[in-house]
Amino acid sequence: MTPMDSTSPAFKHNVDEALADAGLQRALGNVERGFVPKRRAAVDALPEFEALRDQGMAIKNHALAHLDLYLEAYEAKVVAAGGHVHYAEDAAAARDVILDICKRAGARTVTKGKSMVSEEIGLNDHLAANGIEPVETDLGEYLIQIRGEHPSHIIAPAVHLNKEDIEADFRRVHTHLPADRPLDEPTALLAEARGILRQRFLAADVGVTGANFLVAETGTSIIVTNEGNGDLTQILPRVHVVIASVEKIVPTLEDTAQILRLLARSATGQTMSVYTTLSTGPRRPEDPDGPEEYHVVILDNGRTAMLGSEFQDMLRCIRCGACINHCPVYRAIGGHAYGWVYPGPMGSVLTPALDGLDNSRHLPNASTFCGRCEAVCPMKIPLPKMLRHWREREFERHLQPATQRYGLKTWAFVASRPRLYRLATRLAAGFLGLAGRGRGRFASLPFAGGWTGHRDLPAPERSQTFSDLWRQRQNAKAGASS
Amino acid sequence: MSRDATARAAVLARIRASLGVTGGEETRRAAVAQRLAGHPAGVVPEIGGLSGAGAVTRFREQLLAAAATLSEVATAAEVPGAVAAFLAARNLPARIRRGDDPRLSAMPWSPGLVEVATGRSHGDDLVGLSHVETAVAESGTLLLVSGPDNPTTLNFLPETHVVVVDAADVVGSLEEAIGRLRRRYGAGTMPRTVNLVTGPSRSADIEQRLLYGAHGPKALHVVLVGAAPPAAAPPS
């Protein structure tokens, strides 16, 4: 059962389309120009960043190892503050719990803060099918909602769009506004969205937000945003619903502070995001504003099965997006090509766990194993190692085509016999060196179409193998140092 | 069992099965109870270790770096004048809305200077005025708490948010701010909403360009009370 229809099985086709999409390629340039240098500068300005990474990792490991007990403690605090906690084993259950809350509230419109878990459970379609209008209020989420799309990035959902796309969408959808209004400046687009969404905020019956953290010590849910939409979503309607996955639990407020220092720096290069909001229960009797009802829906949807497995470390993820921003594959193909909710390295580890490896077996292969994702991950998640685990499972479960399996088996046979390996590579290097003497490269080679279809293969110089070159290099080093 | 209770039991059982635990282990329960009661602070960066004039200096820098603006007065009695001057400089009408915070109520607001309405906002106010609970020097962050004194709607609905910060309420780190909160509300207890605000609302969702005033205030102005002005601050 897939809440959001997955196109991951068509990954290779999606990639071809993404590479040929000139608009997408232009928009993707903003990822490297924007996120990467901002993160670098913010990390460099905090000498304790590495120590904080170790702290963050230890806090999450501790929370996961005691998850049952922290959940119980968290729940008791929410209830003591007058809130309600609901558990949902899967996406369908979570949708139904939220729909029931909305129905009991007599809701006609529901405003939404940005929540990837709500994407994961397919909440918007479910509400709409039941006569309740969901209104996305994060600017990026609003843009893709009016386009009928899904986010292409976990913190910048509309990063695949250029401003001309947005202008065209606003003219198409906001038909009550003068047709000749100027909209070529980003500021005009923002002002128009602000005006329209402000009315939706004031009219909404229920507000749904996600959560970056659930704090066991106090029963507090926390959202981290820059726009303030998550706040207007939760303080104006009569009912506030939080949808959060089970691993968002952290023990204490101090633990949260440690991870907050990592989150904004890793995500957008800020010291702190503009709004970090701690919500505990409904409004108090003396409060003049705030929601009268407060519900938290805690989602499992495959995560508890990752506990105790070789994928447990993935549950430390704080959804900062740094691995995505630094991934050469993501920057070439964008988020939609991955075909489901979570793109990039974190998505390629998470999607097979949540949506099944049968649907998503291409994703763990969509990596060059360059290792940048792990290097920038604030929670030190060994992403390449886990991608490799998925590849192993793919092989064990015979999910690859027969030719690929045969090729891998042959490779394994040769590679695990050093003498045979050296002989085979020497023969191959000798042959390729001779054959490629003239031009120094090959435009096509038998069995290597996957490579030569897109680029030339260089011929080995002087017919030497990698092992030969490595040995020479080591000898030269030893000679130089002695 | 109700649907909620069934799902709760199933999720907890699955967690325990995956972790290979029963939930009754004394050592695990003790570890959790100890952490919740002791809330260890972890690594507090050096930039969070400032206090007094040093903390105020860092607070000023970080506040401005986050695109907020600042004016300074020596005493609380001068706040209405500073607010009036700020509104005039921005071409805004001399009208604000604030909550019942006694620190704000005690200030000499005269109708000739600034017109004052009180209570929550319903979206018709141009300028909201709040008083912080604490301010965090490390990141230039304002910590505001919900309630009749400072209704949360004032932090988000008006286009301009003016916030009064007493220099005595500036702490070095987020951990110190949390400690103050815990002392005021009691361990494990929180007000409905705590807002940590670092600069005015913004979005980079259009081509990664930074634009201010996405949904919350377009401008955030701080009136800092009782700190020596920057020029007179001792070198740190």
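Chains as they are written, first to last, in our numbering: chain A, 765 to 1246; chain B, 300 to 535. Don't be surprised by glycine CBs; every beta carbon is placed ideally from N, CA and C.
### Distance, L863 of chain A Cα to L891 of chain A Cα
As a first step, residue 891 of chain A must be located in the first sequence, where it is residue number 127. As a first step, residue 863 of chain A must be located in the first sequence, where it is residue number 99. Looking at the two C-alpha atoms, the distance is approximately 7 Å.
### Task
Taking C-beta pairs closer than 7 Å, name the residues in chain A that L391 of chain B reaches, listed in chain order.
Within the second sequence, residue 391 of chain B is the residue found at index 92, counting from 1. Those within 7 Å of L391 of chain B in chain A number zero; the least Cβ separation is about 18 Å.
### Task
Name the one or two DSSP bridge partners that L850 of chain A has.
Translated into positions along the first sequence, residue 850 of chain A becomes position 86. According to the sequence displayed, residue 850 of chain A carries His and not Leu. DSSP, once it has assigned bridges, lists A:V1061 as partnering H850 of chain A.
### Query
Under a CB-based cut-off of 7 Å, is E853 of chain A close to chain B?
Mapped onto the first sequence, residue 853 of chain A falls at position 89. Closer than 7 Å to some Cβ of chain B, the Cβ of E853 of chain A qualifies, so yes.
### Query
Between the region 838-847 of chain A and the region 924-940 of chain A, are three or more C-beta pairs nearer than 8 Å?
no
### Query
If we count the other Cβ atoms within 10 Å of its Cβ and call it buried at 16 or more, is Q361 of chain B buried or exposed?
If you number the second sequence from 1, residue 361 of chain B lands on position 62. Q361 of chain B is buried by the Cβ-count criterion.
### Task
With 7 Å as the threshold, decide whether the Cβ of L833 of chain A is near any Cβ in chain B.
What you label residue 833 of chain A is simply residue 69 of the first sequence in a count that begins at 1. Closer than 7 Å to some Cβ of chain B, the Cβ of L833 of chain A qualifies, so yes.
#### Entry: Chain-order list of residues whose beta-carbon lies under 8 Å from that of S772 of chain A (same chain, five-residue window excluded)
Residue mapping note: residue 772 of chain A aligns to position 8 of the first sequence, counting from 1. Once the five neighbours on either side are set aside, the close Cβ partners of S772 of chain A are Y1102, G1103, W1104, T1115, D1119, N1123, S1124, H1126 and L1127.
### Among A:T1016, A:S1009 and A:V988, the one whose alpha carbon lies nearest that of V979 of chain A
Numbered from 1 along the first sequence, position 215 holds the residue referred to as residue 979 of chain A. Nearest option by C-alpha distance: A:T1016.
### Task
For Y511 of chain B, name the three-state secondary structure that DSSP assigns.
Position 212 of the second sequence, counted from the first residue, corresponds to residue 511 of chain B. Residue state, collapsed to three classes: strand.
#### Entry: Proximal residues to M1110 of chain A (C-beta, below 6 Å), its chain only, five neighbours per side dropped
Position 346 of the first sequence, counted from the first residue, corresponds to residue 1110 of chain A. Same-chain partners within the cutoff: C1081 and C1087.
### Task
Return helix, strand or coil for R397 of chain B, following the three-state DSSP convention.
On the second sequence, position 98 is the one that residue 397 of chain B refers to. Correct three-state label for R397 of chain B: strand.
### Query
Cβ of K802 of chain A less than 7 Å from any chain B Cβ?
The count along the first sequence starts at 1 and reaches residue 802 of chain A at position 38. Closer than 7 Å: no.
### Message
Any beta carbon of chain B sitting closer than 7 Å to that of D1053 of chain A?
### Response
Taking the first sequence and counting its residues from 1, one reaches residue 1053 of chain A at position 289. By this cut-off, D1053 of chain A is an interface position.
### Message
Can you pull out the residues from the region 922-946 of chain A whose beta carbon lies closer than 9 Å to at least one beta carbon of chain B?
### Response
A922, V923, L925, N926, K927 and I930
### Task
Return the chain-ordered list of same chain residues with a C-beta closer than 6 Å to the C-beta of A1031 of chain A, the five sequence neighbours on each side being excluded.
Residue mapping note: residue 1031 of chain A aligns to position 267 of the first sequence, counting from 1. Once the five neighbours on either side are set aside, the close Cβ partners of A1031 of chain A are I919, C1084 and G1085.
### Query
Can you list, in chain order, the residues of its chain whose CB lies under 6 Å from that of A1096 of chain A, leaving out five sequence neighbours each side?
Residue 1096 of chain A sits at position 332 when you count from the first residue of the first sequence. No residues qualify anywhere along the chain.
### Message
Is the separation between the beta-carbon of R315 of chain B and that of G322 of chain B shorter than 7 Å?
### Response
Mapped onto the second sequence, residue 315 of chain B falls at position 16. Mapped onto the second sequence, residue 322 of chain B falls at position 23. Yes, they are a contact pair.
### Message
Going by DSSP, what residue range makes up the beta strand (DSSP E) through A1008 of chain A?
### Response
Translated into the one-based positions of the first sequence, residue 1008 of chain A becomes position 244. First-last of the beta strand (DSSP E) with A1008 of chain A: V1003 to S1009.
### Query
Does the region 470-484 of chain B touch the region 426-440 of chain B, meaning 3 or more C-beta pairs lie closer than 8 Å?
yes
### Contact residues within the region 1065-1088 of chain A, judged by C-beta distance below 7 Å to chain B
T1068, A1069, L1071 and G1072
#### Entry: Cβ separation of E1074 of chain A and M1150 of chain A, assumed to be a contact under 8 Å, to the nearest whole Å
One-based indexing of the first sequence puts residue 1074 of chain A at position 310. One-based indexing of the first sequence puts residue 1150 of chain A at position 386. Right, the Cβ-Cβ distance comes to about 7 Å (below 8 Å), so this counts as a contact.
### Message
For the region 984-991 of chain A against the region 1038-1052 of chain A, do three or more pairs of beta-carbon atoms, one drawn from each stretch, fall closer than 8 Å, so that the two count as touching?
### Response
yes
### Task
Starting from D423 of chain B, find everything on chain A with Cβ-Cβ shorter than 7 Å and list it in chain order.
Residue mapping note: residue 423 of chain B aligns to position 124 of the second sequence, counting from 1. Neighbours of D423 of chain B on chain A: none; closest Cβ ~10 Å, over 7 Å.
### Message
Please confirm whether D303 of chain B has its beta-carbon closer than 7 Å to some beta-carbon of chain A.
### Response
Start at 1 with the first residue of the second sequence, and residue 303 of chain B comes out as number 4. Closer than 7 Å: yes.
### Task
Name, going along the chain, the residues of the region 989-1015 of chain A whose beta-carbon falls closer than 7 Å to a beta-carbon of chain B.
N990, E991, G992, N993, D995, L996, I999, V1010 and P1015
### Message
I910 of chain A and A922 of chain A - do their beta-carbons sit closer together than 7 Å?
### Response
Here the question's residue 922 of chain A lines up with position 158 in the first sequence. Here the question's residue 910 of chain A lines up with position 146 in the first sequence. No, Cβ-Cβ distance for A922 of chain A and I910 of chain A is not below 7 Å.
### Query
Helix, strand or coil: which one does DSSP assign to P534 of chain B?
In the second sequence, residue 534 of chain B corresponds to position 235, counting from 1. Low per-residue confidence applies at P534 of chain B: pLDDT is 49, beneath 50, and the placement is therefore not dependable, though the value from the model is reported in the following sentence. Three-state DSSP puts P534 of chain B in coil, outside helix and strand.
### Query
Quick one: is R396 of chain B near chain A, going by C-beta distance under 7 Å?
The residue you call residue 396 of chain B lines up with position 97 of the second sequence. Chain A contact via Cβ: absent.
### 7 Å Cβ shell around A952 of chain A - same chain, five flanking residues per side excluded
Here residue 952 of chain A refers to the residue found at position 188 of the first sequence. So the list reads P946, once near-sequence residues are dropped.
### Query
Going by the CB atoms, is the gap between V342 of chain B and E836 of chain A shorter than 7 Å?
As a first step, residue 836 of chain A is located in the first sequence; it is residue number 72 there, counting from the start. As a first step, residue 342 of chain B is located in the second sequence; it is residue number 43 there, counting from the start. No, the pair does not count as a contact, with Cβ atoms beyond the cut-off.
### Message
Which residues in chain B have a C-beta closer than 8 Å to the C-beta of N794 of chain A? List them in chain order.
### Response
On the first sequence, position 30 is the one that residue 794 of chain A refers to. Per Cβ cutoff of 8 Å: E506 and Q507.
### Query
So, do the region 490-500 of chain B and the region 366-373 of chain B have three or more beta carbon pairs nearer to each other than 8 Å?
yes
### Query
Relative to the C-alpha of G870 of chain A, which residue among A:H850, A:V970, A:I960 and A:T1167 is closest?
As a position in the first sequence, residue 870 of chain A is number 106, starting the count at 1. Measuring from the Cα of G870 of chain A, the nearest candidate turns out to be A:V970.
### Task
Mind listing, in chain order, the continuous alpha helix (DSSP H) runs of no fewer than 4 residues lying wholly within the region 840-918 of chain A?
855-868, 880-884, 887-893 and 903-911
### Message
Less than 7 Å between the C-beta atoms of G877 of chain A and I1023 of chain A, yes or no?
### Response
Counting from 1 along the first sequence, the entry for residue 877 of chain A is found at position 113. Counting from 1 along the first sequence, the entry for residue 1023 of chain A is found at position 259. No.
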